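Protein chains in written order, with the numbering used here: chain A, -4 to 415; chain B, 11 to 289; chain C, 29 to 245; chain D, 2 to 229.
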């Protein structure tokens, strides 16, 4: 079975590489199409005296994969770009709605650039463009493009690669959820912070002190807050069983109502609905530092035995964790804010680092479906690791052997990860 | 070994007190030291030096009071420098409180006797356009016409009524842009629009946290120079000769860091000494 | 029904918001903006739930003369003052010179700036405790933190400034740690977070994770 | 002596908050209560004017007027937001409080969808992209990738590669950390510890800056400003 599973993982990885590579080639083919048929090619004027040699229009086309209202103008740089006394200062892009109408400047690009996106067009209107190459002595015009219209597209082809990567990870997660549901057991390693949850609640119960639960300071429009609340659901169940006190000050009203529902449900599930009270969760203020000032006050006055910080945190992380430390509470933290992790690691007893926060609710639930999804996440990691290792190796080989074709190949695959 | 045992469980309030003193005391000290100048500060200063007297300079204040300790000193020095060089100074902000910070810098500069003697006049020698909402789109609009983005200055005067702005239509009439930035919108947006699209010459002062994001632009020449955090401010103060808050603040920083470092060392010694004793 | 309809809403909306990223065509291109507006409107209604809760608890505290009830009076009075100044100010409630602005400038701002600033003390006390060579991992934390701190301030200039021009070995070491090993750790954390969020979001959209909705009644 | 009420209030509040570091006391409790009240009042007023008025009323009112003239405008969609907001408030009536789950479901669903894609792109795909560099050797600049400039950079690139790789190994959930795999995971934790130490050390300076700002206020604006 183990063998079969690893084969599936390798299979998914290989399939993803093939798909991504295929999409890169497909996109390339698309570009060639544009060049040959729909795009407009134009020539140049002769060089006037003392003026720079004008840039040559390359392609003028509707911008790819957007909501319309945009046309991309690109040109071949003037030979005077970057050197000489006629050195180019900038390129100006001019536009008109009729071929021999009045042309107005719609934007400019500094020297060395070869593309401009005019994002001020109206869909369905025909425009004509030319590029003026500016040096200190004046400007020289390219020829005028043929008429072109902008229009919105139904699929963002630029992000096809992201789409495919997302699809693969989703497929892997759903695959393992499905199998877990069918009764398949997966091995899961221990996470220290989660092993300690029950012990921490038990300690508060013994000491007759309360538990402080902080779900971060973001609203429900952050997955971290949702993760914090789902962990609260599991923690509250144990709290209800032990009949421990819980105090949960929050800084967002929607989080307040959500947390109340969650705790209430846990008390109902534990068979003690009477012990629940709405006052367990109370609102203070939306202000980050006003909130933490009040939480600090609660900590030194109530002296909770255990503090949970699970959600999205900013600078207030360390203010709370240090105050909690000074009153001798056991502190369990978890966040996906990379900037705050160091402070939690320094001041708390246990810290769930990034991904572990999201895994925590699945761990604590013990439901096979939830645990299966963690296995799916690991497939994502395998893909990331293979891609990083493989491509770094490829580049290194290419750079040592100085092989241009190998480099092109590596660039092409790397390009798949250049999501906009 | 009583000392080390005490040290291991030292009341943190002693640390608090020493940190407070280490930040406070340098504000009353006049210690000088030779500060080495980073290349990115030097190039910024050199570029300013090369501007002819009377050039038009746009300063954009994209920060708020919490970032003032890091950015205000460099803004102060820049405004003073601009006034001494007779630059025509246009002030604006993409953060609501930025232009108010600029007013502080201007007031500070006016205390300088040499600048006082110049009898600088608002509207003629300098103007504050105030804040405009819209983030990077403000810069975009300014590319066509400043007046479109700022119909009135901070005092409510029409753009066209301000003498200094008579001949200033857009970026092409500005010789240099100096950006003080604490985040978004800030240096990144100025580079991407004002530099890349409209070709302005841009120098920037950033908070220490922001500066790493701006370094790549330095390498690519999109930024002529960069002042990073208090240290950049102190270096700039040294070059312009207006030694003031950044230099003092930098000394406070060093003292405070030294206190933290000393405590960490003592804590480790205490840890090892007491552990050895236990064994 | 009370749980099914919300789960259907979550599923449909969740899928639509993933897809909108790939469809530039209207109306999908407006989804993100529209949601952000909607969310702000919902939050602006919901905040009354919180505010009423704060007032209720404070008033009960005052009425029952619980411990520290005097401070509850301060909360109620300052809340009413600020809220009334804000509502009375009309649309331009924030313009300089209004009562609301004065309260903001002279009370709100120093309070939040100072609360933010006491972090300086906590950074010092936390590093004192955490930067200790208890084991290999803690030692790495200590050494990295120590070296980066050394390179950030004037130690280079004070130690070497009089001897050499522009010689900053401590700053160089600090920058190397920031740019390479630190970067490596950050990347691993960030990629992990991306996968964690993708999988959690998927569990939410599929309705596997539903405890935030509360009970079945 | 020059008396400025605003500065004196600022000093009173600043010192009150700092006094908490010594121990909890009535001065701090007053400052805390003022802070909670003032900021909660600030938010309720701002959200009212900036969200309910500027976002809801300003978008919806013209659309409703237009509706009476027989036009259907896109902004009519804001009506749904208004209804969802009211549903949220129905929580105040316990019997029908459950209806607030609808707006909640919408918020959580949209958040899940948006963050799914945003994190996948900016945290996932982009970070992978940035990690892919040649580890060493001279590179012709043909492909547009930056060549390895110095030995330091080359060593650095190897470090980034190893660190990112082993860091990911550490985050593996479904494989026990033992043997070669466990060794890699251990190296991963070393990198995480260096990261935490370095970011911590890096941040000390900006936190000190904030306190310098407050001390500067006390010394220069308050004491020097008042007593000359």
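Ideal Cβ placement from N, Cα and C applies to all residues, glycine included. Please read all numbers here as calculations on a predicted model, not as lab measurements.
Can you pull the DSSP bridge partners for residue i?
i, result
"residue 129 of chain A", "A:85, A:134"
"residue 325 of chain A", "A:301"
"residue 53 of chain C", "BP columns for residue 53 of chain C are empty, so no partner."
"residue 56 of chain A", "A:67"
"residue 103 of chain A", "A:87"
"residue 78 of chain C", "Note: residue 78 of chain C sits in no beta bridge, so no partner."
"residue 102 of chain B", "B:70"
"residue 237 of chain B", "B:215"
"residue 347 of chain A", "A:329"
"residue 205 of chain A", "A:240"
"residue 211 of chain A", "A:307"
Rounded to whole angstroms, how far is the Cβ of residue i from the Cβ of residue j, which I believe are closer than 8 Å?
i, j, result
"residue 55 of chain A", "residue 129 of chain A", "So it is not a contact: roughly 19 Å between Cβ atoms."
"residue 343 of chain A", "residue 316 of chain A", "5 Å"
Residues of chain D with CB closer than 8 Å to the CB of residue i, please, in chain order.
i, result
"residue 182 of chain A", "175, 176, 177"
"residue 189 of chain C", "Those do not exist, as residue 189 of chain C stays about 19 Å from chain D at its closest Cβ, beyond 8 Å."
"residue 379 of chain A", "125, 129, 169"
"residue 263 of chain B", "206, 209, 210, 213"
Cβ closer than 8 Å: which chain B residues qualify as neighbours of residue i?
i, result
"residue 104 of chain A", "206, 207"
Under 9 Å Cβ-Cβ, which residues of chain C neighbour residue i?
i, result
"residue 145 of chain B", "Under the 9 Å cutoff, chain C gives no residues; its nearest Cβ is about 14 Å from residue 145 of chain B."
"residue 56 of chain D", "65, 66, 68, 69, 72"
Establish whether the CB of residue i and some CB of chain F are separated by less than 9 Å.
i, result
"residue 60 of chain C", "Among the protein chains in the structure shown, which are A, B, C and D, there is no chain F."
To the nearest angstrom, report how far apart residue i and residue j are at their CA atoms.
i, j, result
"residue 93 of chain B", "residue 123 of chain B", "12 Å"
"residue 159 of chain D", "residue 77 of chain D", "56 Å"
"residue 394 of chain A", "residue 402 of chain A", "8 Å"
"residue 107 of chain B", "residue 77 of chain B", "11 Å"
"residue 142 of chain B", "residue 111 of chain B", "15 Å"
"residue 227 of chain D", "residue 102 of chain C", "28 Å"
"residue 13 of chain D", "residue 57 of chain B", "45 Å"
"residue 81 of chain C", "residue 89 of chain C", "12 Å"
"residue 109 of chain C", "residue 39 of chain D", "8 Å"
"residue 151 of chain B", "residue 170 of chain C", "49 Å"
"residue 351 of chain A", "residue 137 of chain B", "53 Å"
"residue 170 of chain B", "residue 69 of chain B", "19 Å"
"residue 297 of chain A", "residue 211 of chain C", "40 Å"
"residue 236 of chain C", "residue 328 of chain A", "24 Å"
"residue 115 of chain B", "residue 195 of chain A", "53 Å"
"residue 276 of chain B", "residue 213 of chain D", "25 Å"
"residue 92 of chain A", "residue 123 of chain A", "6 Å"
"residue 147 of chain D", "residue 131 of chain D", "With a pLDDT of 47 at residue 147 of chain D, under the threshold of 50, the modelled position of this residue cannot be trusted; read the value that follows with caution. Approximately 12 Å between the Cα atoms of the pair."
"residue 73 of chain C", "residue 318 of chain A", "33 Å"
"residue 73 of chain A", "residue 200 of chain B", "26 Å"
Identify the contact partners of residue i in chain A, using a Cβ-Cβ distance below 7 Å as the criterion.
i, result
"residue 109 of chain D", "215, 221"
"residue 1 of chain D", "What the structure shows of chain D is the stretch from 2 to 229, and residue 1 of chain D is not part of that stretch, so it cannot be assessed."
Please compile the residues from chain B whose C-beta is within a distance smaller than 9 Å of the C-beta of residue i.
i, result
"residue 84 of chain A", "209"
"residue 10 of chain D", "Under the 9 Å cutoff, chain B gives no residues; its nearest Cβ is about 16 Å from residue 10 of chain D."
Give the residues of chain A in contact with residue i, contact being defined as C-beta atoms less than 9 Å apart.
i, result
"residue 52 of chain C", "60, 61, 62, 63, 147, 148, 149, 150, 151"
"residue 150 of chain C", "313, 314, 316, 317, 318, 338, 342"
Counting only Cβ pairs nearer than 7 Å, list the residues of chain D close to residue i.
i, result
"residue 382 of chain A", "129"
For the ligand HEM, is there a heavy atom less than 8 Å away from the beta-carbon of residue i?
i, result
"residue 163 of chain B", "The model on display carries no ligand, and the ligand HEM is accordingly not part of it."
Could you tell me which chain C residues have their CB closer than 7 Å to the CB of residue i, listed as they occur along the chain?
i, result
"residue 104 of chain D", "70"
Can you pull the chain A neighbours of residue i, defined as C-beta to C-beta under 8 Å?
i, result
"residue 226 of chain C", "161, 164, 165, 168, 372, 375"
Practice task
Report yes or no: do the region 225 to 243 of chain C and the region 116 to 127 of chain D share at least 3 C-beta pairs separated by less than 8 Å?
Solution key: Contact between the region 225 to 243 of chain C and the region 116 to 127 of chain D is present, because at least three Cβ pairs lie under 8 Å.
Problem - Contact the region 273 to 289 of chain B vs the region 48 to 56 of chain B: 3+ CB pairs below 8 Å - result: Flag = no, the region 273 to 289 of chain B and the region 48 to 56 of chain B do not touch.
Practice task
May I ask you to verify whether the region 162 to 178 of chain C touches the region 134 to 145 of chain C, counting CB pairs closer than 8 Å and requiring at least 3?
Solution key: The region 162 to 178 of chain C, when compared against the region 134 to 145 of chain C, does not touch it at the 8 Å Cβ threshold.
Exercise for the section: Evaluate the contact criterion for the region 254 to 272 of chain A versus the region 281 to 301 of chain A: three or more CB pairs, one atom per stretch, below 8 Å. Expected result: Not touching, per the Cβ criterion.
Handout entry: Meets three-Cβ-pair contact criterion under 8 Å: the region 267 to 276 of chain A and the region 179 to 192 of chain A
Key = No, because fewer than three Cβ pairs between the region 267 to 276 of chain A and the region 179 to 192 of chain A fall closer than 8 Å, the two stretches do not touch.
Practice task
Take every Cβ of the region 190 to 201 of chain D, pair it with every Cβ of the region 121 to 139 of chain C, and state whether three or more of those distances are shorter than 8 Å.
Solution key: Taking 8 Å as the limit for Cβ pairs, the verdict is that the region 121 to 139 of chain C does not touch the region 190 to 201 of chain D.
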